[in-house]
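Quick note on the numbering used here: the sequence shown kicks off at 5 and runs consecutively.
Don't be surprised by glycine CBs; every beta carbon is placed ideally from N, CA and C.
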Amino acid sequence: SVPRVICENLSRHCGNLRWRVVQCPHDPACVYLVNEGHSALLDTHGGACKVWNNGGLPVDRLVEQNTSAHAGNVRWRLRACPHQARTHYIINERHCAFLDTHGRGVWVWSNGGRDEDTVVAESTSPHA
């Protein structure tokens with residue numbers, strides 16, 4: 005089970021599995037998703053996702069200075085899922101795209117640019 009894997013992972017890389025949610029001081033609707041193992045923010049340029057740290061800055065300074073035209077690449081919104089209790093959609097602020105995976109790799113997806121409300125309303129399949 006997932007909780008068991010998390011509890012039993014005591015390796016030096018255990019932080020790679022752990023993410024911290026940090027409120028965005030620049031936009032109250034957004035958060036930063038911080039990977040504990042790398043002290044880096046989840047980042048996308050509209051396709052694949054990666055972690056980014058701007059040369060190794062402390063996370064608090066990285067968040068404080070995240071005000072460029074590209075700031076939305078690392079800002080995310082958490083939207084409660086109306087179809088399943090205790091689950092959320094993770095939506096990239098700049099690209100208005102949903103965090104997605106098919107089991108390998110992670111990227112953002114927007115279903116051809118459809119609006120967020122429509123995507124959520126129609127996300128009822130077993131693959132949603």
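Taking a 10 Å sphere around the C-beta of N77, we find 16 or more other C-beta atoms and assign the residue as buried. C11: not part of any beta strand (DSSP E); member of the alpha helix (DSSP H) spanning 6–12, first to last residue. Apart from sequence neighbours up to five positions away, the residues of its chain that approach G51 with a beta-carbon distance below 8 Å are W111, V112, ordered along the chain. The criterion of a C-beta distance shorter than 8 Å is satisfied by Y93 and R83. For N57 against S43, the beta-carbon gap comes to about 6 Å, under 8 Å, which counts as contact.
For T122, the enclosing alpha helix (DSSP H) has its first and last residue at 120–126. Under a 10 Å Cβ-count criterion, D47 is classified as buried, with 16 or more other Cβ atoms of the shown protein chains found around its own Cβ.
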